[in-house]
Each structure stands twice: as structure tokens, then as C-alpha cells.
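Trainee: Here the sequence shown is numbered in my numbering, starting from 288 and rising by one per residue.
For every residue, glycine included, the Cβ atom is placed at its ideal position computed from N, Cα and C.
In this text, all values refer to a predicted model and were calculated from it rather than measured experimentally.
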Amino acid sequence: MSCEASWLCACQPLATTVHFSFKNRGFSKTTLSCRINDPADATTRKDRPWYNPDRRRRSDQPEIIRHWIEADNPPHSDSEERFGVVSYNILGDRNASKHRDLYSCVPSQYMKWDWRKRLICEELIGLNPDIICLQEVDKYYDLLSIMEKEGYVGTHKRRTGGAVDGCAMFWKENTFRVLEEESIEFRVFGLRDNVAQLSVFEMSRADSRRLLIGNIHVLYNPSRGDIKLGQLQLLLLRAHALSEKWGNVPIVLAGDFNSTPQSAVYKFLSLSELNITLYDRRDLSGQRSNHSAQLFGVQGQISSPLILLDRFLKYFWTDEEVKIANGDSNHPVVEHPLKLNSSYATVKGSTRTRGSKGEPFATTYHSKFLGTVDYLWYSDGLVPTRVLDTPPIDILQKTGGLPCKKLGSDHLALVSEFAFTQSKRKDETNTRTVPATAAQEFSLTQGKREDETDTRTTTTVPATATPAIAEDSDSLL
288 MSCEASWLCA CQPLATTVHF SFKNRGFSKT TLSCRINDPA DATTRKDRPW YNPDRRRRSD
348 QPEIIRHWIE ADNPPHSDSE ERFGVVSYNI LGDRNASKHR DLYSCVPSQY MKWDWRKRLI
408 CEELIGLNPD IICLQEVDKY YDLLSIMEKE GYVGTHKRRT GGAVDGCAMF WKENTFRVLE
468 EESIEFRVFG LRDNVAQLSV FEMSRADSRR LLIGNIHVLY NPSRGDIKLG QLQLLLLRAH
528 ALSEKWGNVP IVLAGDFNST PQSAVYKFLS LSELNITLYD RRDLSGQRSN HSAQLFGVQG
588 QISSPLILLD RFLKYFWTDE EVKIANGDSN HPVVEHPLKL NSSYATVKGS TRTRGSKGEP
648 FATTYHSKFL GTVDYLWYSD GLVPTRVLDT PPIDILQKTG GLPCKKLGSD HLALVSEFAF
708 TQSKRKDETN TRTVPATAAQ EFSLTQGKRE DETDTRTTTT VPATATPAIA EDSDSLL
């Protein structure tokens with residue numbers, strides 16, 4: 288869902304109190320709150336000469352609660368075989384400074400990195416997940432110095448080109464050991480400077496349970512859905528290959544996908560295929576569409592032949608655009624080999640927090656966008672046992688935009704606990720058969736630089752090898 292700034296509320300600070308932990312499963316919710324004074328408070332009386340009825344007071348901020356929602360039919364698995372995953376776009380410091388217009392309602396002190404770093408790390412430590420996937424990380428060592436004290440190790444992959452941010456993973460050293468790590472530079476394939484991470488883990492506390500975690504920050508540019516599809520298809524193909532290499536291990540994909548639940552990109556991820564010629568090539572991600580109009584009951588009409596002509600031209604794809612999306616200009620149906628589900632869409636929430644697809648109404652909020660672009664996808668072999676629900680949309684609006692006093696990013700952290708399902712037969716897999724296309728014939732080692740900016744803090748080396756509007760301006764071209 289997207290929206291214009293005209294109906295967004297003024298910014299107000301918000302206080303946070305964390306009341307949950309994966310270690311202590313007795314807690315059922317986390318509370319983000321601040322005090323609300325009695326409406327009869329004398330300071331609000333209109334007979335006071337200094338009273339300004341148009342000026343919002345900090346005490347008007349409502350309490351925000353994020354509930355843990357349990358799955359309807361969780362598997363009867365040992366708690367030792369469950370693990371928690373966080374996906375979090377933490378808003379890079381450089382991006383926060385470069386795009387200050389998106390945060391005009393946010394007090395300057397709440398935008399400072401030292402302030403936000405403390406809040407982000409406190410939130411992550413309070414969540415106590417087993418695996419953390421972060422996007423827009425440009426102060427990796429600042430985070431590492433804190434997370435190492437909490438028992439985490441990490442790896443970082445910086446974007447190529449002139450960008451300074453990238454993706455980072457952290458995991459508990461006493462829970463997982465790394466079997467293989469890999470990173471993808473999409474620039475090698477002519478798909479901009481975005482990057483992705485893939486890691487195969489083995490749990491130390493379970494009977495050799497293995498899984499693959501992927502982390503990606505997809506290109507922001509709302510008009511370049513062809514590039515978004517190209518990036519995602521490459522990630523999914525490589526994840527499939529690594530999964531097969533390690534015995535069809537289950538997969539979790541985290542990240543900022545810069546696509547809404549109503550979009551064609553979302554359909555591609557959830558249905559495993561997409562005929563791109565049936566969709567507006569300039570709005571595959573749904574970021575440009577006014578999905579907020581659906582929420583608030585606004586209807587649009589086609590009233591001009593020129594509009595009809597414009598719509599026809601939108602659906603026309605050049606051979607080059609098809610090749611970018613699929614790697615093959617003669618094959619307009621883009622496919623991937625995984626069977627994916629979204630953890631938040633699987634674990635049902637309330638009508639106040641979820642849209643028609645079952646996804647949160649919003650995972651990011653600034654002056655120009657309120658909507659969902661972040662997801663936690665999973666394959667067969669896993670099932671989500673619970674998720675940390677997002678705040679109701681009406682309550683989130685009253686914050687006026689993020690970051691705020693106690694929330695360090697313009698995105699919300701997505702949190703899901705997963706369990707392994709029963710062991711599958713040898714002839715069962717978590718994939719589907721996909722016809723070979725040129726997109727599948729790639730090598731991630733091709734074109735790698737000797738000085739590749741891939742930072743690892745673990746000694747385990749593989750045997751083989753805003754929404755987030757704060758992208759560099761050249762990535763929008």
C-alpha cells in the first residue's frame with residue numbers, strides 16, 4: 288500500500304518498552320508505549336490563552352503494541368529445533384542524511400546514527416533471534432562490536448559502485464555453524480549495484496538440521512520492475528542450487544523486496560511464475576499504484592481514449608526488457624524453481640493489521656510512503672510457528688512517520704519463529720521443475736574482483752565459493 292504525504296499525520300515521538308525474548312517464551316507481546324494524559328487535564332482547556340488546539344502534544348501519542356501471533360496448527364517439534372529469524376532494513380546513515388526530505392517531521396536528534404544505532408541494537412538484543420538479516424548496513428563494524436558481545440558472529444556484503452551500504456547477517460555462534468557462504472553481485476549480470484547473501488547453516492543443538500538463509504535488498508526504482516525480477520530470479524536460482532547441493536535443505540529468504548503485496552513481483556515470488564506481458568512494465572513492484580485507494584474506498588475510472596492508449600503502451604515490452612527480467616528475450620514467462628510462502632501471510636493476523644493478501648498493511652513509513660515491502664519467505668521443510676505482528680495501521684499513522692524517539696529505522700523489524708517439519712522422503716523436494724532459460728546459465732564467480740568487498744568475521748570459509756527509497760540516485764535510472 289502506498290500513500291501521499293497529504294493524508295499523513297504530523298510526526299510525534301514514541302517510547303518503546305521491550306517485553307519479549309525468544310529465550311523466555313512466556314511473554315506474548317512487546318509494548319511500544321508512551322503516557323497519555325487524562326483528556327480533562329487542565330493544560331488542554333481552551334480557555335487558557337496559550338492553548339493551541341492545532342498543535343499536537345506528545346501525550347496524545349497512543350500506545351503501540353506488537354503481539355506475538357501463534358500459528359493455528361504448529362508442528363509438535365522439539366523447541367530445540369525451532370529458530371527465530373529477523374529481517375530488518377535499518378536505514379543506512381548515509382541514506383538518512385542524503386534523503387532528509389523523507390524525514391522532515393522527524394527531529395534531527397532522532398536521525399543521528401549514534402541514537403539510532405543504540406535503539407536498533409537494543410531492539411535486536413531484546414528480540415534475541417537466532418539469525419538476523421539486515422539491509423542498508425553502512426556501519427557494519429559499529430553493529431558487530433555490539434552484537435559480538437551478545438554471542439553473534441556476522442558477515443557483510445557491501446553494494447558495488449559508489450554505494451557504501453549493503454546487506455549483513457548475524458547468527459548465534461553457539462547455535463549455528465556455517466557450511467557455505469556466498470554473495471551475489473548483480474552488477475556482474477548488468478542488474479545494478481545491489482547485492483544478496485546466501486548462507487548454509489547447520490544447527491549445533493539439533494540432529495544435524497540444516498537450512499539456507501538468503502538476504503537481499505532489491506533495487507528501489509519503482510519503474511524498473513524488469514531489473515527487480517532479474518535480481519530475484521538470479522537469487523532464487525542460486526538458492527535452489529545451494530539447497531540441492533546440501534541435500535535439498537529448506538530455505539528462508541529475508542529482505543526488503545521493494546514490492547507491495549498487490550504487485551506482480553509478489554505474485555512471481557508466491558506462484559513461481561509470471562507472464563510479464565500481462566502487466567504494466569513500469570509498475571511491476573506496485574510502488575507507483577495507489578493501493579491506499581483500495582484501503583480507503585477510493586475508486587478510479589477510465590474516461591479517455593488517451594488513457595486507454597497509455598495503458599496499452601505500458602504493457603508493451605521490448606526484447607531488451609524481457610531479457611533483463613528473464614535472461615531470455617524469447618521467453619516472456621519468468622519462472623523460479625522454489626515453492627515459497629510468506630510467514631506473515633501464513634500466520635493470520637487481525638483485520639486491523641493485515642491486508643487482503645494476509646501481509647501487514649505497512650512495514651515502512653516515511654513522509655512519502657506507508658506500505659509493505661519487507662517479507663520473510665520460506666520453503667517446504669519449514670513452517671512458521673509464530674510471528675511478531677505489526678502495529679494496526681491507524682495507530683502507526685499517528686506516529687507521523689519513522690524513525691522516532693524509540694524506533695531507530697523507517698522500517699519495522701519482521702520477526703518469525705520457524706520449526707522444521709517431519710523428515711521428507713528422499714524423492715521429495717522443496718522445488719519445482721523449471722524449463723532451462725538463459726537466466727539459469729550463469730556463474731557467480733564470473734567477473735569477481737580480487738578486492739571484492741565481502742567481510743566475514745567467522746573463521747568458517749566455504750569449501751566452494753522507502754520504502755527503502757534511500758538508494759543512490761544512479762540506481763533509479
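Ala383 to Tyr652, Cα distance in whole Å?
Mentor: Indexing the sequence shown from 1 puts residue 383 at position 96. Indexing the sequence shown from 1 puts residue 652 at position 365. Distance between the alpha carbons of Ala383 and Tyr652 is about 13 Å.
Trainee: Kindly list the residues whose CB is nearer than 7 Å to the CB of Asn562, restricted to its own chain and excluding five residues on each side of it in sequence; keep chain order.
Mentor: Sequence index remark: in the sequence shown, residue 562 carries index 275 (1-based). Within the same chain, Asn562 has close Cβ partners Pro619 and Val620.
Trainee: With DSSP collapsed to three states, give me the class of Tyr428.
Mentor: Here residue 428 refers to the residue found at position 141 when the sequence shown is read from its first residue. DSSP places Tyr428 in helix when its eight states are reduced to three.
Trainee: Straight-line CA distance for Ser432 to Trp355?
Mentor: Here residue 432 refers to the residue found at position 145 of the sequence shown. Here residue 355 refers to the residue found at position 68 of the sequence shown. Rounded to whole angstroms, Ser432 to Trp355 spans 29 Å at the Cα level.
Trainee: Quick one: grab the DSSP three-state call for Arg474.
Mentor: By 1-based counting over the sequence shown, the position of residue 474 is 187. Three-state result, Arg474: helix.
Trainee: In terms of residues, what are the limits of the beta strand (DSSP E) holding Asn562?
Mentor: Locating residue 562 in the sequence shown gives position 275, counting from the first residue. Its beta strand (DSSP E) spans residues Glu560 to Asn562.
Trainee: Pull up the DSSP beta-bridge partners for Met490, would you.
Mentor: To locate residue 490, count along the sequence shown from 1; it is residue 203. The partner list for Met490 (beta bridge, DSSP) reads Phe463.
Trainee: Tell me the residue span of the beta strand (DSSP E) that contains Val702.
Mentor: Taking the first residue of the sequence shown as 1, we reach residue 702 at position 415. Leu701 to Phe707 is the extent of the beta strand (DSSP E) around Val702.
Trainee: Tell me, which residues are paired with Thr651 by DSSP?
Mentor: Residue mapping note: residue 651 aligns to position 364 of the sequence shown, counting from 1. For Thr651, which the question treats as bridged, DSSP gives the partners Gly658 and His698.
Trainee: Pop quiz: Ser486 and Val465 are said to be a contact at Cβ under 8 Å. What is the actual Cβ separation, rounded to whole angstroms?
Mentor: Counting from 1 along the sequence shown, the entry for residue 486 is found at position 199. Counting from 1 along the sequence shown, the entry for residue 465 is found at position 178. 6 Å between Cβ atoms; contact.
Trainee: Quick one: what's got a C-beta closer than 7 Å to Asp738's C-beta in the same chain, skipping five residues either side?
Mentor: Here residue 738 is taken as the residue at index 451 of the sequence shown, counted from 1. Legend: pLDDT at Asp738 = 39, less than 50; position of this residue unreliable, value from coordinates given subsequently. For Asp738, where only same-chain residues beyond five positions count, there are no Cβ hits under 7 Å.
Trainee: Taking Gly542 as the reference, which of Asp567, Leu699, Arg525 and Ser637 has the closest Cα?
Mentor: Counted from its first residue, the sequence shown places residue 542 at position 255. Ranking Asp567, Leu699, Arg525 and Ser637 by Cα distance to Gly542 puts Leu699 first.
Trainee: Measuring alpha carbon to alpha carbon, tell me which residue in Glu409, Cys454 and Ile500 is nearest Lys436.
Mentor: Within the sequence shown, residue 436 is the residue found at index 149, counting from 1. Ranking Glu409, Cys454 and Ile500 by Cα distance to Lys436 puts Glu409 first.
Trainee: Sort Phe463, Thr672, Leu540 and Pro416 by Cα distance to Ala483 and report the nearest one.
Mentor: The residue labelled residue 483 in the question sits at position 196 within the sequence shown. For Ala483, the nearest C-alpha among the options comes from Leu540.
Trainee: Checking 9 Å against the spacing of the C-beta atoms, do Val702 and Leu683 come in under that value?
Mentor: Against the sequence shown, residue 702 aligns to sequence position 415. Against the sequence shown, residue 683 aligns to sequence position 396. Not a contact, by the Cβ cut-off of 9 Å.
Trainee: Kindly indicate which residue of Asn376, Arg569 and Ser559 has the alpha-carbon position closest to the one of Asn628.
Mentor: Within the sequence shown, the letter at position 341 stands for residue 628. Asn628 has its Cα closest to that of Ser559, out of Asn376, Arg569 and Ser559.
Trainee: Go to Asn382, then tell me how far its beta strand (DSSP E) extends in each direction, as first and last residue.
Mentor: For the purposes of this step, residue 382 is identified with residue 95 of the sequence shown, where counting begins at 1. That residue, Asn382, is in no beta strand (DSSP E); its alpha helix (DSSP H) goes Asp380 to Lys385.
Trainee: So what does DSSP say about Gln574, is it helix, strand or coil?
Mentor: Translated into positions along the sequence shown, residue 574 becomes position 287. In this structure, Gln574 counts as coil in the three-state DSSP scheme.
Trainee: Can you tell me whether DSSP reads Cys392 as helix, strand or coil?
Mentor: Here residue 392 corresponds to residue number 105 of the sequence shown, with the count starting at 1. Coil, per DSSP.
Trainee: State the DSSP-derived secondary structure class of Val609, mapped to helix, strand or coil.
Mentor: For the purposes of this step, residue 609 is identified with residue 322 of the sequence shown, where counting begins at 1. Three-state DSSP puts Val609 in a helix.
Trainee: When the Cα of Tyr390 is compared with those of Gly512, Ser696 and Ala526, which residue comes out closest?
Mentor: Start at 1 with the first residue of the sequence shown, and residue 390 comes out as number 103. Nearest C-alpha to Tyr390: Ser696.
Trainee: When DSSP labels each residue in this structure, what does Lys554 get in the three-state scheme?
Mentor: Translated into the one-based positions of the sequence shown, residue 554 becomes position 267. Of the three classes helix, strand and coil, the one that applies to Lys554 here is helix, per DSSP.
Trainee: Taking the alpha carbon of Ser637 as the reference point, which residue from Asn461, Tyr662, Leu669 and Pro679 has its own alpha carbon closest?
Mentor: Locating residue 637 in the sequence shown gives position 350, where the first residue counts as 1. With distances taken between Cα atoms, Ser637 lies closest to Pro679.
Trainee: Can you grab the Cα-Cα spacing for the pair Asp513 / Thr547, in whole Å?
Mentor: By one-based count along the sequence shown, residue 513 stands at place 226. By one-based count along the sequence shown, residue 547 stands at place 260. Asp513 and Thr547: Cα-Cα distance of roughly 15 Å.
Trainee: Could you check the C-alpha separation between Asp661 and Asn481 for me, to the nearest Å?
Mentor: One-based indexing of the sequence shown puts residue 661 at position 374. One-based indexing of the sequence shown puts residue 481 at position 194. Cα-Cα distance, rounded: 16 Å.
Trainee: Spell out the partners DSSP gives Asp543 in its beta bridges.
Mentor: Taking the sequence shown and counting its residues from 1, the one referred to as residue 543 is at position 256. BP columns for Asp543 point to His504 and Asp661.
Trainee: How would you write the range of the alpha helix (DSSP H) that Thr633 sits in, first residue to last?
Mentor: Mapped onto the sequence shown, residue 633 falls at position 346. Per DSSP, Thr633 belongs to the alpha helix (DSSP H) from Ser630 to Thr633.
Trainee: For Arg446, collect the residues of the same chain with a Cβ closer than 7 Å to its Cβ; drop the 5 residues on either side in sequence, then sort them by chain order.
Mentor: By one-based count along the sequence shown, residue 446 stands at place 159. Result list for Arg446: Asp452, Gly453, Asp480, Asn481 and Val482, in chain order.
Trainee: Helix, strand or coil, according to DSSP, for Arg568 in the structure here?
Mentor: As a first step, residue 568 must be located in the sequence shown, where it is residue number 281. If DSSP states are grouped into helix, strand and coil, Arg568 belongs with coil.
Trainee: Which residues bound the beta strand (DSSP E) around Leu675?
Mentor: If you number the sequence shown from 1, residue 675 lands on position 388. Leu669 to Leu675 is the span of the beta strand (DSSP E), which, as asked, contains Leu675.
Trainee: Among Arg353, Ser495, Leu523 and Phe656, which one has its Cα closest to the Cα of Ser470?
Mentor: The residue given as residue 470 occupies position 183 in the sequence shown. Per the Cα distances, Leu523.
Trainee: For Arg369, write down the residues that DSSP places opposite it in a beta bridge.
Mentor: Here residue 369 corresponds to residue number 82 of the sequence shown, with the count starting at 1. DSSP lists Ala706 as partners of Arg369.
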